[in-house]
Amino acid sequence: LFPSGIGLLFGLKDCEGKSLSDFSINDFIVKENDKILSRFEASQNLLPRKLGYSLKTILLLDMSGSVTRSGNLAVLQDAVRQFMTQVADEQMIGIYAFDGSPDLFKIQDFTHSKIELNAAVDSLLDFKTQDPSTNLNGAIQKGLFTLDESLAKTQAPVREGNMVIFTDGTDQASWIYRENRKTPPLMA
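Okay, structure coming up:
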């Protein structure tokens, strides 16, 4: 028999929400059925999150005509910035836009850099909508594919992805139907 290994991913914060990192393995105990496990029978290690865990979030931004032509782009930019301030610093974020066309548009590849992410949000002012309708279903499908592809390139043994969609409507373009959901994504 091989010993089993259990990984626990956690973060510690103080009462003000500030991250705590000044602790050692001796600050923790492991229990099973309310009994403390001996350190000789159950070894423990603290590893930096970067060594064993990769968290990526793809943001899909609706840049259809209802957003870009209505004067709501500033509202979208503010919402994206508020979201980005709420996520952990270790998280990589990629920003992609969609409109009514079949394409997803890369605004910013996955990065930890808040400077790059904020610059990408600023660059939305220059985005040129190609089709004013909304390809929400296609964007979701292609966003999931893009996220899966990026996670597959990660060397970390534990990988997790999230998708956050900022939209003001429903699918109007109808590029994706049940029978062709597995169509590979198109990237611009």
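Numbering-wise (the working numbering), the sequence shown opens with residue 137 and increments by one. Every residue gets a Cβ at the ideal spot worked out from N, C-alpha and C, and that includes glycine.
- Straight-line spacing of the CA atoms in L261 and I194 works out to 20 Å.
- The region 205-252 contains, as complete alpha helix (DSSP H) runs of 4+ residues, the segments 209-222 (chain order).
- Contact check for F241 and N271: beta-carbon distance about 11 Å, past the 8 Å limit, so the pair fails to qualify.
- Pairing A215 with F302 gives a Cβ-Cβ distance under 7 Å.
- The region 217-232 and the region 241-260 touch, with three or more beta-carbon pairs separated by less than 8 Å.
- CA-to-CA, the gap between D170 and T221 works out to about 38 Å.
- Residue environment for V294: exposed (fewer than 16 other C-beta atoms within 10 angstroms of its C-beta).
- DSSP lists L191 as the bridge partner or partners of E296.
- DSSP lists L197 as the bridge partner or partners of F302.
- Take the alpha-carbon of R217 and the one of N254: they are about 7 Å apart.
- Taking the Cβ atoms as the reference, Q180 lies roughly 7 Å from F164, within the contact range of under 8 Å.
- Around the beta-carbon of K278, 16 or more other beta-carbon atoms lie within 10 Å, marking it buried.
- Here T204 is buried. Its C-beta has 16 or more other C-beta atoms within 10 Å.
- Remark: C-beta atoms of K192 and F281 do not approach each other more closely than 7 Å.
- For E168, DSSP records a beta bridge to K171.
- Following the DSSP letters along the chain, one finds D284 inside the alpha helix (DSSP H) bounded by residues L272 to A288.
- Distance between T306 and E296, taken at the CA atoms: about 27 Å.
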